[in-house]
Each structure stands twice: as C-alpha cells, then as structure tokens.
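Q:
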Amino acid sequence: MGKPLLHRSPIPGLGISAGITLTLLSLVVLLPIGALLAKGAVAGPERLWSEVNSARIWASLWLSFRLSFLAAAFNLVFGAALAWVLARYRFPGRRLIDAAVDLPFALPTAVAGIALTALYAPNGVFGAVARDWGVKIAYTPLGIFIALVFVGLPFVVRTVQPVIDEIEREVEEASATLGASRAHTIRHVILPMLAPAALTGFALALARAVGEYGSVIFIAGNLPMKTEIAPLLIVIKLEEFNYDGATAIGIAMLVISFLMLFVINAIQVWSRRRIGYV
Amino acid sequence: MTATFNFALAGAAPPLAFTNRFRTLAATVSLALVGLVGVPVQVPAESLLNVSYDPTRELYRDIDEAFTTWWTAQGHEAPTIEQSHGGSGAQARAVVEGLDAQVVTLALAADIDRIAAAGKLPTDWQSKLPHNASPYTSTIVFLVRKDNPKGIKDWGDLIKDGVEVITPNPKTSGGARWNYLAAWAWAQKTGKDPQAFVKALYEHVPVLDKGARDATTTFAQRGIGDVLLAWENEAYLAQKELGADQFDIVVPSVSVLAEPPVALLDANIKTDDQRKLAEAYLNFLYTPEAQAIIFKDYYRGWDTSKAAPEDVARFPKLDLVDISAFGGWKEAQAKHFADGGIFDQIYVAK
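Residue numbers (the numbering used here), protein chains in the order written: chain C, 1 to 278; chain V, 279 to 628.
1. Under 8 Å Cβ-Cβ, which residues of chain C neighbour I390 of chain V?
2. Whole angstroms is fine: what's the gap from V111 of chain C's alpha carbon to S215 of chain C's?
3. In whole angstroms, what is the alpha-carbon distance linking I97 of chain C and F218 of chain C?
4. Pick out whichever of C:P92, C:A121 and C:I144 has its Cα sitting closest to the Cα of G134 of chain C.
5. Identify each residue in the region 229-261 of chain C for which the Cβ-Cβ distance to at least one residue of chain V is less than 9 Å, and report them in chain order.
6. Tell me which same chain residues have a C-beta within less than 6 Å of the C-beta of A610 of chain V, skipping the five on either side of it?
7. What does the Cβ neighbour count give for P104 of chain C, buried or exposed, with the cut at 16 atoms within 10 Å?
8. Indicate the three-state DSSP secondary structure (helix, strand or coil) for L309 of chain V in the structure shown.
9. Does the distance from the C-beta atom of E512 of chain V to that of T494 of chain V stay below 9 Å?
10. Reducing DSSP to helix, strand and coil, say where W349 of chain V ends up.
11. Residues of chain C with a CB under 7 Å from the CB of N447 of chain V: which are they?
12. Quick check for students: name the residue ranges of the alpha helix (DSSP H) that lie wholly in the region 383-440 of chain V, counting only runs of 4 or more.
13. In whole angstroms, give me the CA-to-CA distance for R371 of chain V and Q352 of chain V.
14. Tell me the rounded alpha-carbon separation between S416 of chain V and M225 of chain C.
15. Please name the residues in the region 491-506 of chain V whose beta-carbon is closer than 7 Å to at least one beta-carbon of chain C, in chain order.
16. Any beta carbon from chain V within less than 9 Å of R56 of chain C's own beta carbon?
17. What do you reckon, are the CB atoms on W462 of chain V and D432 of chain V nearer than 9 Å?
18. Output yes if chain V places a C-beta closer than 9 Å to the C-beta of A38 of chain C; else output no.
19. Between the beta-carbon of V441 of chain V and the beta-carbon of V505 of chain V, is there less than 9 Å?
20. Is the Cβ-Cβ distance between F615 of chain V and R455 of chain V less than 9 Å?
21. Answer yes if the region 420-440 of chain V comes into contact with the region 507-525 of chain V, meaning at least three C-beta pairs across the two stretches below 8 Å, and no otherwise.
22. State yes or no: is the C-beta of L232 of chain C within less than 9 Å of the C-beta of L36 of chain C?
23. Which class does T358 of chain V belong to by DSSP, given the choice of helix, strand or coil?
24. Residues of chain V with a CB under 7 Å from the CB of T117 of chain C: which are they?
25. Quick check for students: name the residue ranges of the beta strand (DSSP E) that lie wholly in the region 452-516 of chain V, counting only runs of 3 or more.
26. Got a sec: is the Cβ-Cβ distance from P141 of chain C to anything in chain V below 9 Å?
27. Just to make sure I have the definition right: I need the residues of chain C whose C-beta is within less than 9 Å of the C-beta of L486 of chain V. Which are they?
28. Who are the Cβ neighbours of E228 of chain C in its own chain at under 6 Å, not counting the five residues just before and after it?
29. In chain order, what residues of the same chain have a beta carbon less than 7 Å from the beta carbon of V149 of chain C, not counting five sequence neighbours either side?
30. Counting beta carbon pairs with one atom in the region 563-577 of chain V and one in the region 326-341 of chain V, are three or more of them shorter than 8 Å?
31. What residues match up with H363 of chain V in a beta bridge as DSSP calls it?
32. With DSSP as the reference, identify every bridge partner of A541 of chain V, one or two as the case may be.
33. Could you give the residue range of the alpha helix (DSSP H) that holds S64 of chain C?
34. Give me the chain V residues within the contact set of P104 of chain C, using Cβ-Cβ distance strictly less than 9 Å, ordered along the chain.
35. So, does the region 242-258 of chain C touch the region 43-52 of chain C, judging by three or more C-beta pairs under 8 Å?
Quick look at the structure:
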C-alpha cells in the first residue's frame, strides 16, 4: 500500500462520478458483451466452432476485416492530409469543409447507404462514369470499401487535427534552418508527433467499419462468398432462429477485433517509448 | 487497496448538503434518461397491432381505414390500429421475442408456425379461418424493362447468357422463398433437374437484397438487372407508381400459389374487448368490402361480389402450384432454406 489506488482530488464528487460511470459502463457496454459471451459459453466451444467453420462465414469475415482495414488505412492517409489542410491553411470555405467532416457521424447510416448507392449504381452520377470505364462500383467490394471510407473518415481527422494545431511552426522552421530537407522534416519531425493520434484514429475507424451494417447493406450486393459482410450473416442467422450461429459469428468478430486493437495499441506503446513523449 | 477504492466510490460520510445535491443530480439524470429512452405509453384497451410483411403497406392502409369506418358504424368506439411492416421472417422473430402484436399477417405459413412453436398461438391456427387462413392469394410474376428487350417469356429465359435477375435473399425474405419455389416448380414440370436450374438461376443474380421492397428499388430505381422476380401485387404497384411506360409484366407459364396467412395471437390478447376487436378485424378481411379493396390493391381475393370488374379481370390465368407440392412449409423450409439446405449449397459448392 505504498500509494492509494485513487488519489483524492481537490474537486469533490469523485466517488459519485466514478459510481455513475461504472454503472453506466456496465449497463451499456459490459452487460451486452457479457450476455454474448454467456450465450457462447452455454453453446460450448465445439458448437461455436462448428458454426463458424464454414467456407461462407470465413469468406464473409475475410471480406469484412480486409475491407475495413483497407478503408481505415485509406482514411489514415487522406484523413491526416485533410486534417493538415484544415489546421494549417486558411482558405474560403474552410469552416464549411471542417463542419462537413462530421456529417458521417450525424447522418443515419441507412441514409448514407442509400445516397451512396444512388450515386455509385450504374445509372448514378459517378456510377455512370465508372461504367464507361468498365468499372462497377455499387454491388461490388469496391462499393463496400467506399461506404466504409465514408463512415470512418471523421475519426482520423478529428483525432489528428488537434495535435496538428498544437505543433508550432517554429519546430518545422528550426528543422529547416538545421539543414533538413522537407521530406526529412516530415519523416522525422512531424510524423512522429502525429503517429499516436493517427493510430488512435485508425483504430477507431477500423472498429467502426468492422461493425458497420446500415450503410453497407444497401451498396453491397450481399452475394454469399462475394459481397456478403459478416454482420449481415449474423442477421441472417438470427432470422433462421439460429442463435448459436449468430453468437458464434459475433464472438469470432469480437476476438478478431480485440486482436487487431491489441496490435494497434502495442504499436502505439512502442512508438511512444521510441519517441519519448506525446 | 480495496478499502480505499470503496471509500472513494461511496464518498463516505459526505456533508449533508452534498447528499442532497447528489439526490437532485440523480433525480435529474434518471429523469433525463427516462426522457431519452421513452416511456411506453399506456395503451387503451381498444387497440390492435397488426404485424405484417413488406409489400402490404398500401393494402393495410386501405383496409384499416375501411375497417375503422365499419367498426364505428357498428356502434363501437374508433379503435387504434397500428401497423408494422418488414421482411416476413424478421417480423416473425420480433413477435417471438415479444413484439406485442394481436394479429399477424405474414407472407408464409412457416413464419406463423414459428410463432406458434413459441407458444403464442395454437398450432392449428390455420384451420380457424377460411381458405387456410389466407384472405387472399398472390403469385410470382416477372417485371421486365419496357418492351422486354431481352425477350423474356418464361423461366427458361432467365438463365440465358447476359440476363441478370433480381430477387431478394430467401434467407431473409418470404417473397424470395416463393420466387425460388416457383423456379423449382417450373423446372420440375418441364422435366429439368430443379436443383441445377435453381443454381443456374442464382448465378444470374447480381444483388441479393434483404426484402421484396428493396429488390424492387434495386431493379426500378437503380436500373440493375433485366428482370425482377416479384410478387404480382408488387409488380403492378411498381408499374403504377413508377410509370407503365417503363416496365412490362411478363407472366410465366408456371408459378406458385402463394397463400399469405393471417392469425390471431392469443397470448397477446389482454381483454375480451380486444379479442372481439381482433377477431372482427380478421373476419372483416373476408367480407365483400375488404375483398374489393384486396382486388384493388392487386391481390387475388376470393369474393368478387363487390370488386370492380376491371380489378378482377386484370389477373391472368396461369398454372399455379401450391405449397403442398413441396410437402408443406415445414418440409420445404427444412429442405431448401434451412442452414446447410439446398439454397446454401448453391453458393458454397463451386
């Protein structure tokens, strides 16, 4: 008992706020996940494994996680670029664009899905152009990718932007006066400062994309083995009254997501140690 | 360590003012939460929730209006009739899991059987109302682009090179199961291998939507596919809503006799008054007045006595196969649509 677990804060109400927080966290987060795991425990590992171990489910999990990863990676690069532009440059319409970044948060995902499908279907505005080039977007994995980019975009922008705001221009100027090239400054001065926030944004975008259902369902063709995402398979299992099957896919997604987030966190810890701050 | 934690959590022996403030805060928070989540409103006794499938929105809007007029004319108070629509399977599941419906009007007997298996109504529900408890029937037809550019006349044309077929996922849509069975029936009647035909058919499907209405949207609004396998009523409705100059209806040589049944959910009836209302509502569906509405909304009713002649004359005669040809819904469901059934094999087998 060298030091107490909780320091008494000069601001009163820690006990109450901790109590409320823990209660809400249990009700809203832990209880549903606990119920999922309990359901899985009742079914037993063999049953779960036999439910998950089919070509169709592996195909859908591979599709969901692969496209989510690609979409989050896309958002990482372009979201960071967008955040940089919004934080560093003043131009007409900047506030408008800044506000528009949050739209994917605000828009009901079904609306987003229908709008994206209308645009990217072969008779839509962008879809027609793509069709002339012989590319199909809606009802292919490419369409799913676009929907996932859409829902994940704000995460990277909103986590990276405040960090860029904090970086003082003097740092870049100092780097330049010391003879560093622009590429060298970006690589060795800017990126290390952005990396932890960008990784957080990446993880959030990834997590969001993996579970996304509402918007994807409209733009994916939902063909088994080709464009069927894992969350849709959960819904299909539920409608077959196959609760064990739905639980099995849910737990499989939970485990894979947990592993991915664990790796991302490990990278974050590693990069923090290496850089020494932030 | 634990002691410290508990102490901090409980905020031991706080000053009195503090406790009061906390009470106020707690009250405010719980009030806000209740406001956000929404308190169930006390339902008056004379109310009814009809849980139905996807394409019947227009039908039951008309029926509910006519029923309310009729019911009040009998000297009752005007009832509150609420509707819920969605994929037939999803609706059945919602009812099994506690959706407080007094009547269900679904796409397939199999879906109501599931509700019966959960103990919400007796298993012999289908014998309680005339015509297998189906106030109307319908069938599956083809909706094609204007002037039928691909020359689609019958099921066999659907698997020609370059033809794209739109049909929803039989796993989630009741109508899609009828589509599938109609294709199966045609192949059987024409002496083909039905499983091979159905497999070939689904290879021509570029999008598997969740429900019948979504599939109509994909075909009509997104311009995907050459032919939509649709409920007859949905095909006529699409033609009416989106313009007869855009689509033609093609009637295949063989199709299914779909009997979308209705039933009263005994377990969800709370009072005798409500039971009377629910029974009257279901019986009303068989009256000449309601049957006229059914014909008007493009369903094949039974009683033509009050229906407009042009509504009745609209329906072409075709060779209809009913579900008993597949051994009833229990068998059809298990053989074709259950986990690992023939439909699943179509996609997994290479």
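C-beta: ideal position from N, C-alpha, C; glycine also.
Here the structure is a predicted model, which means the values were calculated and not measured.
A: Put simply:
1. Simply none; closest approach about 14 Å.
2. 7 Å
3. 26 Å
4. C:A121
5. L232, V235, I236, K237, L238, E239, E240, F241, N242 and G245
6. The residues are F604.
7. buried
8. Confidence is the limiting factor: at L309 of chain V the pLDDT is only 48, short of 50, which leaves the residue's position unreliable and the question unanswerable from this model.
9. Yes, they are a contact pair.
10. DSSP, reduced to helix, strand and coil, places W349 of chain V within a helical segment of the structure shown.
11. Within chain C, the residues N222 have their CB atoms less than 7 Å from the CB of N447 of chain V, given in chain order.
12. 387-395 and 408-411
13. 35 Å
14. Straight-line Cα distance between these residues: approximately 32 Å.
15. R500, G501 and I502
16. Chain V contact via Cβ: present.
17. no
18. no
19. V441 of chain V places its beta carbon less than 9 Å from that of V505 of chain V.
20. yes
21. yes
22. no
23. strand
24. R500
25. Taking 3 residues as the minimum length, the beta strand (DSSP E) runs contained wholly in the region 452-516 of chain V are 505-509, in order along the chain.
26. No, because no Cβ of chain V sits closer than 9 Å to the Cβ of P141 of chain C.
27. G221, N222, L223, P224, T227 and E228
28. S60 and N222
29. A71, F74 and N75
30. yes
31. For H363 of chain V, the pairing in a beta bridge is given by DSSP as V:S330.
32. V:V382
33. A55 to R88
34. Neighbours of P104 of chain C on chain V: none; closest Cβ ~22 Å, over 9 Å.
35. yes
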